[in-house]
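Colleague: Residue numbers (my numbering): -10 to 101. In this text, a Cβ means the ideal position worked out from N, Cα and C, and glycines have one as well.
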């Protein structure tokens, strides 16, 4: 079995319902969000990753966010595959090390 394919009209309807719910609860329109404008004022560390063949969020979006990231403590990783494809074990190791270093967490070795 693979991914569930939904008709476009269902996806558009779901997105509109989510948009309306966010507007009602948080009083802003998600269509007005421009993340890169806020990236420059970021103060937290960030690890950006993107699939080379991502058709949902093009990899250059994540790369642009990493370049604009204000804290300077960020990394960008380009991965093989698309948006929902499996990621190589090396990426999980990199992500774990990134978090452990910034959270001051001791990492466990393979034999621990």
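Let's test the definition: count the other Cβ atoms within 10 Å of the Cβ of residue -1 and tell me whether it reaches 16, buried, or not, exposed.
Modeller: Within the chain shown, numbered from 1, the residue matching residue -1 stands at position 10. Exposed is the call here.
Colleague: Exposed or buried, which one is residue 39 when buried takes at least 16 other CB atoms within 10 Å?
Modeller: By one-based count along the chain shown, residue 39 stands at place 50. Looking at its Cβ environment, which holds 16 or more other Cβ atoms inside 10 Å, residue 39 is buried.
Colleague: Of the residues 25, 17, 12 and 11, which one's Cα is nearest the Cα of residue 49?
Modeller: Numbered from its first residue, the chain shown carries residue 49 at position 60. Per the Cα distances, 25.
Colleague: Can you tell me whether DSSP reads residue -3 as helix, strand or coil?
Modeller: Stepping through the chain shown from its first residue, residue -3 is reached at position 8. Residue -3 falls in the helix class under three-state DSSP.
Colleague: Figure out for me which residue from 43, 34 and -5 has the closest Cα to the Cα of residue 59.
Modeller: Working through the chain shown from its first residue, we reach residue 59 at position 70. When only C-alpha atoms are compared, the closest one is 34.
Colleague: State the beta-bridge partners of residue 67 as determined by DSSP.
Modeller: The residue given as residue 67 occupies position 78 in the chain shown. Beta-bridge pairing links residue 67 to 39.
Colleague: Can you have a look at residue 43 and say buried or exposed, based on whether 16 or more other CB atoms are within 10 angstroms of its CB?
Modeller: Along the chain shown, one-based indexing puts residue 43 at 54. That one is buried.
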